[in-house]
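So the protein sequences, as listed, match chains A and B.
Yeah, the first sequence ends on 256 if you go by our numbering, and it's all consecutive.
Yeah, the second sequence ends on 256 if you go by our numbering, and it's all consecutive.
Think of the CB as a built atom: it goes at the ideal place given N, C-alpha and C, for glycine as much as any other residue.
For clarity, every value in this text was computed on a predicted model and none was experimentally measured.
So the structure is just underneath, and the comments pick up after that.
2 protein chains.
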Amino acid sequence: MSSSIRLTAIRGIPEVRPGDDIGVMISRAAGGMKFKLTDGDIVVVAQKIISKAEGRLVNLESIAPSEFAHEIARGQNRDPRLIEVILSESTNIVRMDGQVLIAETRHGLICANAGVDRSNVIGENWVSLLPFAPDDSALLLKTRLAELLKVNVAVIITDTFGRPWREGLVNVAIGVAGMKPLKDFRGKMDDHGKELSATVLAVADEIAAATGLLMKKTSRIPVVVVRGFYFDHGEGSAKELVRAKERDLFR
Amino acid sequence: MSSSIRLTAIRGIPEVRPGDDIGVMISRAAGGMKFKLTDGDIVVVAQKIISKAEGRLVNLESIAPSEFAHEIARGQNRDPRLIEVILSESTNIVRMDGQVLIAETRHGLICANAGVDRSNVIGENWVSLLPFAPDDSALLLKTRLAELLKVNVAVIITDTFGRPWREGLVNVAIGVAGMKPLKDFRGKMDDHGKELSATVLAVADEIAAATGLLMKKTSRIPVVVVRGFYFDHGEGSAKELVRAKERDLFR
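Next comes the structure, spelled out in structure tokens:
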């Protein structure tokens with residue numbers, strides 16, 4: 006059983022552009038650091054570079070906002086074109102207040118602006134969207150790293166989300182491949198022989214949060230490798246981390 | 006700047022009893038592993054052993070439930086004595102459904118059963134409460150480790166909480182000493198010279214989550230040391246992580 010876990014920031018990944026091969030970029034950057042990926046590593050990647058590589062970028066100048074977007078934009082004193090993009094990424098508005106717009110995305114994620122983001126995108130008028138299918142993006146990268154480096158790793162794609170009740174953002178898992186994102190201890194005994202109740206740990210979110218410590222916002226570290234955490238293999242999907250509406254007491 | 010972070014599980018901490026000196030226990034266990042704490046380390050401790058050392062244990066046989074506790078217990082098919090203890094730890098019931106009772110504690114934490122827990126406590130009828138003042142507990146431990154080992158470390162006390170919208174529990178910070186729990190990037194520029202908006206990271210929660218990967222529920226690892234994360238020193242308090250009610254869109 007693991008006694009230690011190491012998180013390593015992969016440095017030297019260049020600016021990512023649509024069509025870029027992130028697998029090659031990670032392989033080269035790791036090679037440049039003399040860092041050798043091995044079986045059982047978890048490669049954690051910030052959503053932003055996946056979105057850029059997949060061309061999930063929108064130029065606000067191309068957007069014609071609807072009347073509804075204009076109405077929200079007036080109330081929030083924000084750019085109606087940005088609101089239009091947010092609405093097009095949303096299935097449901099969860100809360101609006103001041104300049105805050107919290108929405109549910111088609112992935113079932115609940116987050117500010119449906120994941121539409123102006124920061125770290127080249128050009129004043131460009132915004133990035135979340136990957137269309139982050140689990141698929143994770144699986145593609147896992148497969149590409151297996152081809153390039155002959156390694157069997159898990160991949161997690163992360164974004165930083167706010168939370169009800171607590172201040173500050175934390176990094177969470179929005180795409181997963183090659184590991185079970187939840188670890189289920191139900192039915193097992195605690196150290197005193199009592200059955201553990203309701204203990205399912207969101208390990209993929211804990212891994213995402215851990216790597217958030219190295220993915221600083223102002224320095225270009227979009228990839229962190231986690232080594233020494235023995236996870237349950239399996240196909241896995243970040244959808245397992247999304248609570249079904251009917252099980253959710255807060256919707 | 007840090008390129009890697011290491012998490013080390015401190016093994017060999019014995020069963021904790023009321024009055025035990027956790028500082029001595031951690032020092033001895035680390036010594037037994039030939040692990041030397043150094044300045045800048047973050048010592049992360051599961052709430053359960055702090056609560057035990059502080060005698061925050063209640064024997065349900067000593068509890069006379071109120072009529073209100075009986076009423077909730079009937080509705081939830083649970084032990085009215087346990088409900089009575091939960092109510093006494095709560096300032097506010099946030100949600101009740103099925104056997105779930107989510108309450109706000111006097112610390113402002115919102116969590117299942119106000120942190121009252123039956124698992125990993127000796128004896129069928131005993132439950133543990135959260136530490137009375139987890140920031141103070143953290144500061145006491147920080148001071149004790151400075152005395153014993155001449156080191157300047159930060160201390161985080163953690164518990165595992167559920168979250169709205171997402172499945173699975175994650176480890177979060179409920180007590181902090183010697184570090185700022187939030188890292189504020191507002192006003193800084195992103196890698197393209199655009200101002201970062203709304204980027205305050207809950208680093209203490211990310212650290213707590215990271216250590217949750219090693220604090221497995223069924224193995225006795227209540228202490229993990231985090232090395233290589235350069236944090237902002239300062240008094241710090243987990244209260245900074247609690248969103249004020251008037252700023253919270255979800256209460």
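Min CB distance A:A14 to chain B below 8 Å: The residue you call residue 14 of chain A lines up with position 9 of the first sequence. Closer than 8 Å to some Cβ of chain B, the Cβ of A:A14 qualifies, so yes.
Neighbouring residues, chain B, relative to A:G173 (Cβ below 7 Å): Position 168 of the first sequence, counted from the first residue, corresponds to residue 173 of chain A. Simply L187, V205, L206, A207, D210, L246.
Within 8 Å of chain A by C-beta, residues of the stretch 88-107 of chain B in sequence order: Of all residues in the stretch 88-107 of chain B, only R100, D102, V105, I107 come within less than 8 Å of chain A when Cβ atoms are compared, listed by chain position.
B:R256, DSSP secondary structure in three states: Sequence index remark: in the second sequence, residue 256 of chain B carries index 251 (1-based). In this structure, B:R256 counts as coil in the three-state DSSP scheme.
6 Å Cβ shell around A:I271 - same chain, five flanking residues per side excluded: Past the edges of chain A, shown from 6 to 256, lies residue 271 of chain A, and the structure says nothing about it.
Burial state of A:V29 (16 or more Cβ within 10 Å): Looking up residue 29 of chain A in the first sequence gives position 24. Counting C-beta atoms within 10 angstroms of its own C-beta, A:V29 has fewer than 16 neighbours from the protein chains shown and is therefore classed as exposed.
CB contact check: B:G217 to chain A, cutoff 8 Å: What you label residue 217 of chain B is simply residue 212 of the second sequence in a count that begins at 1. Interface flag for B:G217 against chain A is set, since a Cβ pair is found closer than 8 Å.
Identity of the residue in A:R225, A:T204, A:R232, A:M194 nearest A:I212 by Cα: As a position in the first sequence, residue 212 of chain A is number 207, starting the count at 1. Nearest C-alpha to A:I212: A:R232.
Buried or exposed by the 16-neighbour rule on C-beta atoms within 10 Å, applied to A:K41: Locating residue 41 of chain A in the first sequence gives position 36, where the first residue counts as 1. By the 16-neighbour rule on beta-carbons within 10 angstroms, A:K41 is exposed.
Below-8 Å beta-carbon distance, B:N71 vs any chain A residue: Counted from its first residue, the second sequence places residue 71 of chain B at position 66. As written in the sequence, residue 71 of chain B is Ser, which differs from the Asn given in the question. Output row for B:S71: interface = no.
Residue from B:E172, B:I226, B:V247, B:T216 whose Cα sits closest to the Cα of A:E251: Taking the first sequence and counting its residues from 1, the one referred to as residue 251 of chain A is at position 246. Comparing alpha carbon positions, the residue from B:E172, B:I226, B:V247, B:T216 closest to A:E251 is B:E172.
is_contact[B:V132, chain A] using C-beta, thresh 8 Å: Working through the second sequence from its first residue, we reach residue 132 of chain B at position 127. So no, B:V132 is outside the interface.
Distance between B:T13 and A:K39 (C-alpha atoms, nearest Å): Position 34 of the first sequence, counting from 1, holds the residue named residue 39 of chain A. Position 8 of the second sequence, counting from 1, holds the residue named residue 13 of chain B. In a straight line, the C-alpha of A:K39 is about 23 Å away from that of B:T13.
Residue environment, B:V175, which counts as buried when at least 16 other CB atoms sit within 10 Å: On the second sequence, residue 175 of chain B is found 170 positions in, with the first residue counted as 1. By the neighbour-count rule (16 or more Cβ atoms within 10 Å), B:V175 is buried.
Burial state of B:G24, where buried means 16 or more other Cβ atoms lie within 10 Å: Position 19 of the second sequence holds residue 24 of chain B. Burial state of B:G24 is exposed, judged by a 10 Å Cβ sphere holding fewer than 16 other Cβ atoms.
Range covered by the alpha helix (DSSP H) that runs through B:M101: Against the second sequence, residue 101 of chain B aligns to sequence position 96. That residue, B:M101, is in no alpha helix (DSSP H); its beta strand (DSSP E) goes 95-102.
B:S8 at chain A interface by Cβ criterion, 8 Å: Taking the first residue of the second sequence as position 1, residue 8 of chain B is located at position 3. Interface annotation, B:S8: in contact with chain A, CB-CB separation under 8 Å.
Coil, strand or helix - A:A34 by DSSP: Within the first sequence, the letter at position 29 stands for residue 34 of chain A. The three-state reading of DSSP puts A:A34 in helix, counting H, G and I together.
Min CB distance A:P169 to chain B below 8 Å: On the first sequence, position 164 is the one that residue 169 of chain A refers to. A:P169 counts as touching chain B.
Cutoff 6 Å; reference B:V48; Cβ partners in own chain excluding five residues on either side: On the second sequence, position 43 is the one that residue 48 of chain B refers to. Same-chain partners within the cutoff: V158, V160, V230.
C-beta neighbour in chain B for A:L4, strict 8 Å: Nothing about residue 4 of chain A can be read from this structure; chain A reaches only from 6 to 256.
CA nearest to the CA of B:F73, picked from B:K244, B:S93, B:H112, B:A35: Residue mapping note: residue 73 of chain B aligns to position 68 of the second sequence, counting from 1. Selected option, being the one with the closest Cα: B:S93.
A:D26 at chain B interface by Cβ criterion, 8 Å: Residue mapping note: residue 26 of chain A aligns to position 21 of the first sequence, counting from 1. So no, A:D26 is outside the interface.
One or two residues paired with B:N176 in a DSSP bridge: Residue numbering aside, residue 176 of chain B sits at position 171 when the second sequence is read from its first letter. Answer by DSSP bridge pairing, in chain order: B:T165.
Identity of the residues DSSP links to B:W131 by a beta bridge: In the second sequence, counting from the first residue as 1, residue 131 of chain B sits at position 126. DSSP lists B:N64 as partners of B:W131.
Cβ of A:N176 within 8 Å of any chain B Cβ: Taking the first sequence and counting its residues from 1, one reaches residue 176 of chain A at position 171. It does: the Cβ of A:N176 has a partner Cβ on chain B nearer than 8 Å.
Residue environment, A:N82, which counts as buried when at least 16 other CB atoms sit within 10 Å: Translated into positions along the first sequence, residue 82 of chain A becomes position 77. With fewer than 16 neighbouring CB atoms inside 10 Å of its own CB, A:N82 falls in the exposed class.
Cβ contact (3+ pairs, closer than 8 Å) linking the stretch 142-150 of chain B and the stretch 47-67 of chain B: Segments in contact, yes.
Start-to-end residues for the beta strand (DSSP E) that takes in B:L12: The residue given as residue 12 of chain B occupies position 7 in the second sequence. For B:L12, the enclosing beta strand (DSSP E) has its first and last residue at 9-14.
Extent of the continuous alpha helix (DSSP H) to which B:V158 belongs: Position 153 of the second sequence, counted from the start, is the residue given in the question as residue 158 of chain B. In the DSSP annotation of this structure, B:V158 is not part of any alpha helix (DSSP H), being labelled neither H nor E.
Straight-line Cα distance separating A:I127 from A:A58: Here residue 58 of chain A is taken as the residue at index 53 of the first sequence, counted from 1. Here residue 127 of chain A is taken as the residue at index 122 of the first sequence, counted from 1. Those two C-alpha atoms are separated by around 13 Å.
Test item: CB-CB of A:A209 and A:P186 under 8 Å: For this step, residue 209 of chain A is matched to residue 204 along the first sequence. For this step, residue 186 of chain A is matched to residue 181 along the first sequence. Yes; because the gap between Cβ atoms is below 8 Å, this pair is in contact.
Runs of beta strand (DSSP E) wholly within the stretch 221-250 of chain A (minimum 3 residues, chain order): Note on the stretch 221-250 of chain A: whole beta strand (DSSP E) runs with a minimum of 3 residues are 228-232, in chain order.
Whether B:R225 touches A:D196 by CB criterion (8 Å): As a working mapping, residue 225 of chain B is identified with position 220 in the second sequence. As a working mapping, residue 196 of chain A is identified with position 191 in the first sequence. A distance below 8 Å separates the beta carbons of B:R225 and A:D196.
Residue range of the beta strand (DSSP E) that includes B:V121: Counting from 1 along the second sequence, the entry for residue 121 of chain B is found at position 116. Note, B:V121: premise wrong, no beta strand (DSSP E); not H, not E.
Alpha-carbon spacing of B:T204 relative to A:L219, whole angstroms: As a working note, residue 204 of chain B is residue 199 in the second sequence. As a working note, residue 219 of chain A is residue 214 in the first sequence. In this model, B:T204 and A:L219 are separated by some 15 Å (Cα to Cα).
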